[in-house]
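Position 59, counted from 1, in the sequence shown is what the UniProt record's numbering calls 59; the numbers after and before it change by one each time, with no gaps. Here is the structure we will look at.
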Amino acid sequence: MRNDHVTLRSTAVFDLLAPQAPAVPVQVELRYDTRDPYAVVAAFRTGRAGWVEWVFARDLLADGLIAHAGEGDVAIRPAVDDPEVVAIELSSPSGHAVFEASAQELADFLDRTYDVVVPGNENLWVDVDDALTRLLPFDMG
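Encoded structure:
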């Protein structure tokens, strides 16, 4: 399976929420790559300057569709007032942002990742020798 590399991409629009201001639509590309089968990447369009990428666990996304999940830099939860919306909260030393996204779009993307790598089988896609080669220094002496 390690040689059957697959990358999934899906585009969406998340609403950036700000206090006392209308929501701002932000283009987001969701990516899933079998070379890192435990992770999902959300790349946020920041205007002409480019993209800001956040990497988080695929399980966090799945859990956040059902109930509040995440205690660190990324938290995902169903919206309080609308079951068709998911809130995604991102925190970093540079700032804090809250987005709302379609629960159905996120669930559809997640289902596509499950079609490629069944939950619980992620380890079959990890090349441990390759990972160790990248982690260990070349010169051990």
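Just so you know, even glycine gets a beta-carbon here, dropped at the ideal spot from N, CA and C.
- Scanning the region 30–75 for uninterrupted alpha helix (DSSP H) segments of 4 residues or longer gives 58–64, listed from N- to C-terminal end.
- In this structure, residue 117 places its C-beta atom within 8 Å of the C-beta atom of residue 34.
- For residue 10, the closest C-alpha among the options 27, 50 and 124 is that of 27.
- In its chain, beyond the 5 residues on either side, 60, 64 and 76 have a beta carbon closer than 7 Å to the beta carbon of residue 70.
- Residue pairing by DSSP places residue 96 opposite 91 in a beta bridge.
- The residues 75 and 98, in chain order, have a CB closer than 6 Å to that of residue 89 in the same chain once the five nearest residues on each side in sequence are set aside.
- As a beta-bridge residue in DSSP terms, residue 8 pairs with 32.
- In the displayed model, residue 103 falls within a helix according to three-state DSSP.
- Close CB contacts of residue 53 within its chain, under the 6 Å cut and outside five residues either way in sequence, are with 41 and 43 (chain order).
- Within its own chain, no residue has a Cβ closer than 7 Å to the Cβ of residue 47 once the five positions on either side in sequence are excluded.
- The criterion of a C-beta distance shorter than 8 Å is satisfied by residue 113 and residue 58.
- In the structure shown, the three-state DSSP call for residue 15 is strand.
- The residue among 37, 62 and 83 with its C-alpha nearest the C-alpha of residue 108 is 62.
- The closest CA to that of residue 73, considering only 95, 36, 83 and 67, is found on 95.
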